[in-house]
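> Input: one structure, supplied below.
Numbering (this note's numbering), first residue to last: 6 to 126.
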């Protein structure tokens, strides 16, 4: 008699199948991270009514030249607001257009200027 170990109905998984699954998962994670970063920089562009990731990147670079602390807080504020909007399931197109993250960027700027001076950056 055959043991239960050899009589399984599903074929054994190969290492190649595992590699394909891991590659798909990594690609999905990378795409998600890229999407959040792209939406975050678009949010920074929305502060001056520009729906462009490139303009948001230029604004962040300009802030970094003028006041690096302000740039960090603006970037973190936009990133946090965008990530929050995506995680609670708000409109995906509006997230990509930066409509939920620009307020976070403005709050980050206000925090940098008026926030407590003991917050490390």
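No residue lacks a Cβ here, since even glycine has one placed at the ideal position from N, Cα and C.
Excluding sequence positions up to five away, which residues of its chain have a Cβ less than 6 Å from the Cβ of residue 61?
The residues are 46, 47, 49, 50.
> Among 121, 113, 72, which one has its Cα closest to the Cα of residue 87?
Selected option, being the one with the closest Cα: 113.
> Just to confirm, is the Cβ distance from residue 41 to residue 110 under 8 Å?
Not in contact: residue 41 and residue 110 (Cβ atoms no closer than 8 Å).
> Is the closest heavy atom of the ligand NAP to the C-beta of residue 106 under 7 Å?
The ligand NAP is not among the ligands present in this structure, which contains no ligands whatsoever.
> Is residue 57 helix, strand or coil when you go by DSSP?
DSSP places residue 57 in coil when its eight states are reduced to three.
> Using the C-alpha atoms, what's the distance from residue 90 back to residue 30?
Note on residue 30: pLDDT 49, under 50, position unreliable in the model; the coordinate value appears next. Rounded to whole angstroms, residue 30 to residue 90 spans 22 Å at the Cα level.
> Given a threshold of 16 other Cβ atoms within 10 Å of its Cβ, counted over all protein chains shown, does residue 54 qualify as buried or as exposed?
Exposed, by the Cβ-count rule.
> List in chain order: all unbroken alpha helix (DSSP H) runs of 4+ residues lying wholly within the region 84-118.
If we require 4 residues or more, the alpha helix (DSSP H) runs fully inside the region 84-118 come out as 97-101.
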